[in-house]
């Protein structure tokens, strides 16, 4: 079993839809969590941090459930430009960062 | 541009050759990371520096791989006797230290795409 698991998708949704991704992790000592987006053949770019209380940035909402060991990302009112691969990363300590393999989202007109 | 810079962007070489990549992190960041990414996979952690000290190294990193960060600024990643399986995107990232009780997010460079013939 991988340390960080994501549903690879692809998720194909129409513009304006709401879509949610989950990411599960196995190490209960994990400290920090982030979501990145990665466009084809580009580097990962930070989307948002994930805080214990949950946090929102515009159309994006991230949540953490420590008891069940998963984080989630909700995208509301999807735009064509949201099409990308979404990667979660879990940090156990400063030197131990583990990425999921990503969930691919395609938003269609 | 004050982001993470990697050089070269692309490297094509024959099997058995040595290659070296360079990473210049964001200047105020003291943490530096190297990852490898292949198609359809997430970035795979290779090694981590805090300042000039290499504090973590993946068990997946064979002895053909070595990384340095001699003055706590730029870093190099060398692969000796390259193999076809080394073909991948090599990503460098940097971050600042623990702050407000949290690890700070990593910022990535554009990567070096390595192709082994």
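Protein chains in written order, with our numbering: chain A, 3 to 111; chain B, 2 to 118. All residues carry an ideal CB built from backbone N, CA and C; glycine is no exception. Quick caveat: nothing in here was measured; it's all calculated off a predicted structure.
Contacts between residue 104(B) and chain A, judged by CB atoms closer than 7 Å, involve 33, 34, 93 and 96 in chain order. Each of 52(B), 57(B) and 35(B) was checked against the Cα of residue 95(A), and the nearest Cα belongs to 57(B). Exposure of residue 10(B) is indicated by the presence of fewer than 16 other C-beta atoms within 10 angstroms of its C-beta.
By the beta-carbon neighbour count (other beta carbons within 10 angstroms, threshold 16), residue 64(B) is exposed. At the C-beta level, residue 27(A) and residue 6(A) come within 8 Å of one another. In the same chain as residue 15(A), and ignoring 5 residues on each side of it, the C-beta atoms closer than 8 Å to its own belong to 21, 80, 107, 108, 109 and 110, in chain order. The residues 8 and 10, in chain order, have a CB closer than 7 Å to that of residue 103(A) in the same chain once the five nearest residues on each side in sequence are set aside. One thing to note: residue 79(B) has its Cβ no nearer than 8 Å to the Cβ of residue 117(B). Put simply, the stretch 64-78 of chain A does not touch the stretch 24-36 of chain B. Fewer than three CB pairs are less than 8 Å apart. Assigned with DSSP and collapsed to three states, residue 87(B) falls in helix.
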